[in-house]
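**Student:** Once you've had a glance at the structure underneath, I'll fire off some questions.
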Amino acid sequence: MIIASSAKKELAIPMQVLQQQQPSSTNTSDTSTTANSDSTIQLAHEYCRQQDHKDIIHFIQRDSNTANDFVTKVFSRFSRNVDELMLINVHESCRPVQCEAFIHENTVFLTSPVKEQWNDGEFQACVTHLIELAEEKTGCEYLVIAIDKRHCTNNHNAMLRAFMYLGFQMIDPSVYGQEAGYILVGYEL
Numbered sequence: 001m002i003i004a005s006s007a008k009k010e011l012a013i014p015m016q017v018l019q020q021q022q023p024s025s026t027n028t029s030d031t032s033t034t035a036n037s038d039s040t041i042q043l044a045h046e047y048c049r050q051q052d053h054k055d056i057i058h059f060i061q062r063d064s065n066t067a068n069d070f071v072t073k074v075f076s077r078f079s080r081n082v083d084e085l086m087l088i089n090v091h092e093s094c095r096p097v098q099c100e101a102f103i104h105e106n107t108v109f110l111t112s113p114v115k116e117q118w119n120d121g122e123f124q125a126c127v128t129h130l131i132e133l134a135e136e137k138t139g140c141e142y143l144v145i146a147i148d149k150r151h152c153t154n155n156h157n158a159m160l161r162a163f164m165y166l167g168f169q170m171i172d173p174s175v176y177g178q179e180a181g182y183i184l185v186g187y188e189l
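If you use full-length UniProt numbering, the sequence shown corresponds to residues 1 to 189, in order.
Laid out in C-alpha cells, this is it:
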C-alpha cells in the first residue's frame, strides 16, 4: 500500500485595504453634513431592493456631560479619549434596531442590539449584519459588544450563548475595565 504525502501549495491571496469612501452619485451610499458638522451616512443593503431598508449611521460629537453617555457608563477608564459617537440604525428585520458605537485603538465598541422580543433567526441576522458593517466600513480589527445586564433581565446566559454561537468570546473585565453592570463579548474581524 502506498500512502501519498500531501503536497500543499502556497496560495497568495491579495488583500484589499479599506479606504475612506468618497460620496458617489449612485443610490448605494449617501453622505450629508449638517450645520453643526455632524454627518450622516446611508448605506443601502446589497441584497434588499426596498428603498426604505437602508442602514443609517449618524456621526455626532460626544457630550460627556449627559447622564446617558454610553462611553462614560461603560468605559470610564478611557472615556476622555473618545470625541465622536456613531448612532447606527439597521433594518435587518421589519423593525429597525438602534445601537451606539465608537472606535478606539482599532476596535469598534458597540452597544448590544436590544428589542422586546426577537423572532426566529432575527437576532442572528442582526448581529451578523452588524459584524459585516464593522468589518467592511471601519477597517478595524476587533468588534466588542457591551451587553447591559439590565436589558437581559430574563436570562442573560441565553444571550451570551447566542453571541458565542456566532463566534464571539467573553472578555475578561480587567482588559477594558468596564463597569460591573456590563458584560463584554469580542469578535476578531
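Don't be surprised by glycine CBs; every beta carbon is placed ideally from N, CA and C.
Tell me which residues share the same chain as Glu10 and place their Cβ nearer than 6 Å to its Cβ, disregarding the 5 neighbours each side in the sequence.
**Tutor:** Bear in mind that the predicted position of Glu10 carries a pLDDT of just 48, short of 50, making it too unreliable to give a figure here.
**Student:** Excluding sequence positions up to five away, which residues of its chain have a Cβ less than 7 Å from the Cβ of Gln178?
**Tutor:** Val74, Phe75, Ala146 and Leu184
**Student:** Nearest-angstrom Cα distance between Ser174 and Gly181?
**Tutor:** 14 Å
**Student:** Closest to Gly139 by CA distance: which of Glu105, Thr128 and Ile171 is it?
**Tutor:** If we check each option's Cα against that of Gly139, Glu105 comes out closest.
**Student:** Would you call the CB atoms of Val144 and Thr107 closer than 8 Å?
**Tutor:** Yes, the pair counts as a contact, with Cβ atoms nearer than the cut-off.
**Student:** Please report the straight-line C-alpha distance between Asn27 and Lys137, rounded to a whole angstrom.
**Tutor:** Residue placement at Asn27 cannot be trusted, given a pLDDT of 37 that sits under 50; what the coordinates show is reported in the next sentence. Rounded to the nearest whole angstrom, the C-alpha separation of Asn27 and Lys137 is 17 Å.
**Student:** For the stretch 53-63 and the stretch 77-88, state whether three or more C-beta atom pairs, one from each stretch, are separated by less than 8 Å.
**Tutor:** The stretch 53-63 vs the stretch 77-88: in contact.
**Student:** Less than 8 Å between the C-beta atoms of Asp69 and Leu133, yes or no?
**Tutor:** no
**Student:** Take Lys149 as the anchor and find which of Ser79, Gly167 and Pro113 has the nearest alpha-carbon.
**Tutor:** Pro113
**Student:** Under the DSSP definition of a beta bridge, which residues are partnered with Cys99?
**Tutor:** Ile88
**Student:** Who are Val185's beta bridge partners in DSSP?
**Tutor:** Ile145 and Met170
**Student:** So is Ala67 buried or exposed if we call it buried at 16+ other beta carbons inside 10 Å?
**Tutor:** It is exposed - the Cβ of Ala67 has fewer than 16 other Cβ atoms within 10 Å.
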